[in-house]
Amino acid sequence: MMQIYSQEDLILYAYNETELNDSVRIQNAIDSDPLVESEYKEITDTLNFLDRLLLEPDEKVMNRLMEVIGN
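Just so we're aligned: the sequence shown equals residues 120 to 190 in my numbering.
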């Protein structure tokens, strides 16, 4: 019987938030199933992108805050 993992399982695995037994099973699925491997790669690529993403407030917002704080 083939175990099918959800996206949530793969995300938890990517964040190292799975139990050892689950981690071994998920890694085996990634190693043996190209579809699982592809989905896992997509998840890790997305997480890496989000880690690099810098969020900054809009300049107009910052200027308005500075005006309010200055008064």
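C-beta: ideal position from N, C-alpha, C; glycine also.
State the Cα-Cα distance for the pair residue i and residue j, rounded to the nearest angstrom.
i: Lys160; j: Gly189; result: 48 angstroms
i: Pro117; j: Ser125; result: For residue 117 there is no data in the structure shown, the boundaries of the chain being 120 and 190.
i: Thr137; j: Glu175; result: 32 angstroms
i: Glu158; j: Tyr132; result: 12 angstroms
i: Lys179; j: Leu173; result: 17 angstroms
i: Arg183; j: Phe168; result: 30 angstroms
i: Met120; j: Ser142; result: Residue confidence is low: Met120 scores 38 on pLDDT, short of 50, so the model does not pin down where it sits. Its coordinate-derived value is still stated next. When rounded, the distance between both Cα atoms is 18 angstroms.
Does DSSP put residue i in a helix, a strand or coil?
i: Pro153; result: helix
i: Asp177; result: coil
Mind checking whether residue i and residue j have CB atoms under 8 angstroms apart?
i: Glu156; j: Ile149; result: yes
If residue i and residue j are in contact, beta carbons under 8 angstroms, what's the gap, nearest whole angstrom?
i: Ile145; j: Asp164; result: Going by Cβ atoms, the distance from Ile145 to Asp164 rounds to 17 angstroms, so no, they are not a contact pair.
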